[in-house]
Structure formats: C-alpha cells, structure tokens
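At position 125 of the sequence shown the residue is numbered 124 (numbering that gives the first Met the number 0), and the sequence of numbers has no breaks. Where a beta carbon is used, it is the ideal one built from N, C-alpha and C, also for glycine. Keep in mind that this is a model prediction, so the values were computed, not measured. Heads up, the thing below is written out as structure tokens.
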Amino acid sequence: MSVSLSRLRRVSCVVEDIELAVRYLESLFRAQRLENVPTQIHPGSGRHLAHIGLGDLVIELVAPQSADTGWGERLDQYGPHVASLAYGIEDMDQLLADLSDDNLEFTHTESGVIWCRSRALIGFDLILEPGEQGPLAELPGAWGEVSPMLHVEITHHDIAQAGRWLERLFGSKRVEQEFSEFLVGITAGRMDIQHFSLGDAVLQYIEPRHDAGPWWELLQKAGPSVHNITWLVNDMPAVATASQAAGTRDLRYFEFDYAPLFGEENRIGDKTVGRIIDCAHILGFHLELSERQAKNINTYMYKEV
Numbered sequence: 000m001s002v003s004l005s006r007l008r009r010v011s012c013v014v015e016d017i018e019l020a021v022r023y024l025e026s027l028f029r030a031q032r033l034e035n036v037p038t039q040i041h042p043g044s045g046r047h048l049a050h051i052g053l054g055d056l057v058i059e060l061v062a063p064q065s066a067d068t069g070w071g072e073r074l075d076q077y078g079p080h081v082a083s084l085a086y087g088i089e090d091m092d093q094l095l096a097d098l099s100d101d102n103l104e105f106t107h108t109e110s111g112v113i114w115c116r117s118r119a120l121i122g123f124d125l126i127l128e129p130g131e132q133g134p135l136a137e138l139p140g141a142w143g144e145v146s147p148m149l150h151v152e153i154t155h156h157d158i159a160q161a162g163r164w165l166e167r168l169f170g171s172k173r174v175e176q177e178f179s180e181f182l183v184g185i186t187a188g189r190m191d192i193q194h195f196s197l198g199d200a201v202l203q204y205i206e207p208r209h210d211a212g213p214w215w216e217l218l219q220k221a222g223p224s225v226h227n228i229t230w231l232v233n234d235m236p237a238v239a240t241a242s243q244a245a246g247t248r249d250l251r252y253f254e255f256d257y258a259p260l261f262g263e264e265n266r267i268g269d270k271t272v273g274r275i276i277d278c279a280h281i282l283g284f285h286l287e288l289s290e291r292q293a294k295n296i297n298t299y300m301y302k303e304v
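So this is what it looks like as structure tokens:
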C-alpha cells in the first residue's frame with residue numbers, strides 16, 4: 000500500500016562554496032536567501048549550510064569543510080550534486096514496513112525522520128519527515144524572477160524500474176504524457192523521456208542513448224543522478240547576459256516550435272528559446288530555463304506554472 004507525501008519541502012545539494020552558489024542565483028534571478036528553514040541537516044560538525052528560495056522551491060546548500068565526513072565523502076565521490084529531496088509523510092509505520100521489504104538501506108533517527116538511501120533506484124536520496132511542517136516566513140512561489148519549478152530532471156538507466164518503485168511506495172503516476180512524447184520526438188529518439196509525480200513535484204526521467212551527450216556522460220560517471228532543474232523565465236536575454244557575466248556558459252541552447260503540441264492558436268512567438276546552463280559545478284545541478292511555450296501551457300502541466 001502506498002503512502003502519501005506532502006509538497007516538496009527542500010532539495011538538498013552538496014556544493015563546494017555556498018556563498019558562490021548563493022551569489023550566482025541572486026545575480027541571475029534575484030533569488031532570495033532564506034532564514035530559519037526547518038531542516039534535518041544542521042550547520043557545524045564540519046559543514047556549512049544555507050537555504051535559498053527560487054520559484055516555489057527551497058534549495059538547501061551543504062558545503063562540507065572536511066573530506067573525512069560523510070558529506071565530504073559524497074562530494075569527493077560525485078562532485079557537486081543533488082543529494083536528496085525532502086517530504087513530509089503521515090504514515091511512517093507503513094513506510095518503514097515497505098522499506099524493510101525492499102531490503103533498502105535507510106536511517107531512522109530518534110526524531111522520527113527516515114533518510115532513505117535510494118539514489119541507485121531513483122537518482123536521489125529521500126528525506127522523509129513525520130507530520131506537518133510549520134509555514135515558512137516567506138510564501139512559496141514568491142522567490143526570484145522565475146516560475147514555480149517545472150521539473151527535477153534525472154538521468155537513469157531504467158526509467159521503468161524507477162517508476163514502479165515510486166508508484167508502489169508513494170502512489171506516483173505518469174503525468175504530462177503528451178509533453179513527454181513531444182520531447183522524445185524533438186530529440187530524435189536519443190532518449191526516452193517520462194514524467195512522474197512525487198508529491199506536488201514532477202520528476203522528468205531521461206533514459207539516454209550513448210549519443211545523448213551530457214545525460215549519457217553523467218549516467219556513466221555517477222549512475223542515476225539529477226542532471227538539471229527546470230523553470231520558466233520571462234526575460235531570457237537578461238538571464239543569458241547574467242550567466243555570461245558570472246562566467247557560466249550554455250551546455251545546450253535550443254529553439255523549438257511547440258505549436259504542434261499546444262496548438263497554433265496558442266503560440267507565443269515563432270520559436271521558444273530554451274537553454275541549459277552549465278553550472279552544476281556551482282549549484283550541484285544544471286539550470287534548464289525556457290521561455291513560456293504557449294498560452295495554454297497549464298493544460299499540459301501537472302501543476303500550474
């Protein structure tokens with residue numbers, strides 16, 4: 000029996016330099032540094048910690064100060080990367096029973112939090128916290144000059160396996176299927192693409208072929224991993240200028256005609272500009288940014304953006 004999750008509370012990233020990551024997001028999007036964010040990771044003990052809000056997402060930045068800690072070992076093994084996604088959960092007993100059946104490594108803390116070592120299965124670990132979380136001082140969705148988060152994009156060698164596990168434990172479903180199929184078509188079959196719900200978030204799974212470039216390269220280097228996180232922006236030229244000033248470059252630049260999916264009558268301009276900025280060395284993930292593809296985009300999205 001699956002258990003239900005809260006909205007996505009945090010995405011935790013292991014980075015080398017927290018202040019650099021914060022300045023970078025502030026310079027590109029006017030992202031907002033957050034204080035007093037409830038978390039299971041605390042500063043001290045050889046690590047620095049900060050939180051920054053972007054769209055409706057709380058990004059948790061962890062910078063290990065010693066290679067001899069668990070966080071330091073992760074940084075040494077994977078480089079800067081997304082370590083975990085955090086959710087609240089009500090039926091902790093049911094989840095513990097399900098995880099025990101899986102023979103999956105997890106830690107159950109005295110405060111009732113489960114840290115599930117699920118990276119090999121789904122591309123990231125899960126931090127699962129009991130009960131409801133109190134509201135943040137800042138309202139989600141009010142942070143920076145971006146939309147709410149569209150997708151957490153994960154490169155994986157077996158999408159079907161990941162999807163089955165997420166569905167069995169958390170009731171995840173395939174979503175945005177027309178959008179997925181359209182993306183497969185415009186990538187000329189170099190990757191399979193499927194979207195799954197997890198709480199209020201959408202996971203975009205990529206199963207890349209050997210000629211799929213950075214998705215394939217990351218999968219070979221680090222196994223199932225978060226490749227990028229996606230937002231919409233209103234002023235792409237301004238973002239491009241800020242990225243260049245910050246010393247980052249495009250990993251991919253693309254112009255797509257989305258009219259075959261969304262309808263000619265819903266077109267916004269001739270082409271939709273998108274880019275993936277090569278900044279995982281700063282943030283732990285690349286930024287995928289797109290102009291708004293169509294007037295009716297929310298008809299095709301799992302949540303309103």
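| Query | Result |
| --- | --- |
| What does DSSP give as the partner residue(s) for Gln39 in the beta ladder? | DSSP output for Gln39 lists no bridge partner at all. |
| Leaving aside the five residues before and after Ile58 along the sequence, list all residues of the same chain whose C-beta is less than 6 Å from its C-beta, in chain order. | Val10 and Ile51 |
| Which residue's Cα is closest to the Cα of His226: Thr298, Ala211, Asp234 and Pro147? | Ala211 |
| Would a check of beta-carbon distances place Glu152 closer than 8 Å to chain D? | Checking the listed chains, one finds no chain D in this structure; it contains a single protein chain. |
| Between which two residues does the alpha helix (DSSP H) carrying Trp214 extend? | Pro213 to Ala221 |
| Find the nearest neighbour of Arg32 within the set Ala49, Leu19 and Arg73, judged by alpha-carbon distance. | Ala49 |
| Quick check: the Cα distance between Asp234 and Gly78, rounded to an integer number of angstroms? | 31 Å |
| With distance defined between alpha-carbon atoms, name the residue in Val238, Leu260 and Cys115 nearest to Phe178. | Leu260 |
| Going by DSSP, what residue range makes up the alpha helix (DSSP H) through Thr335? | The chain is shown from 0 up to 304; residue 335 falls before or after that span and cannot be answered. |
| Give me the Cβ distance between Gly162 and Gln193, rounded to the nearest whole Å; I'm assuming they're in contact under 8 Å. | 7 Å |
| By Cβ distance, which residues of its chain are closer than 8 Å to Ala244, with the 5 residues on each side in sequence left out? | Ser26 |
| Since Gln176 sits in a beta bridge, which residues does DSSP pair it with? | The partner list for Gln176 (beta bridge, DSSP) is empty, contrary to what the question assumes. |
| Just how far apart, CA to CA, sit Trp70 and Arg116? | 14 Å |
| Are the Cβ atoms of Met148 and Leu282 separated by less than 8 Å? | no |
| Can you give me the Cβ contacts of Val14 inside the same chain, cut-off strictly under 6 Å, excluding the 5 residues immediately before and after it? | Ala20, Leu60, Ala62, Pro79 and Gly283 |
| Of the residues Phe28, Arg118 and Thr108, which one's Cα is nearest the Cα of His155? | Arg118 |
| Can you tell me the Cβ-Cβ gap for Val151 and Gln39, rounded? I've got them flagged as a contact below 8 Å. | Val151 to Gln39, Cβ: 19 Å. No contact. |
| Would DSSP call His259 helix, strand or coil? | The sequence as given places Pro at residue 259; His does not occur at that position. If DSSP states are grouped into helix, strand and coil, Pro259 belongs with the helices. |
| For Ile275, is the classification buried or exposed, using 16 other Cβ atoms within 10 angstroms of its Cβ as the cut-off for buried? | buried |
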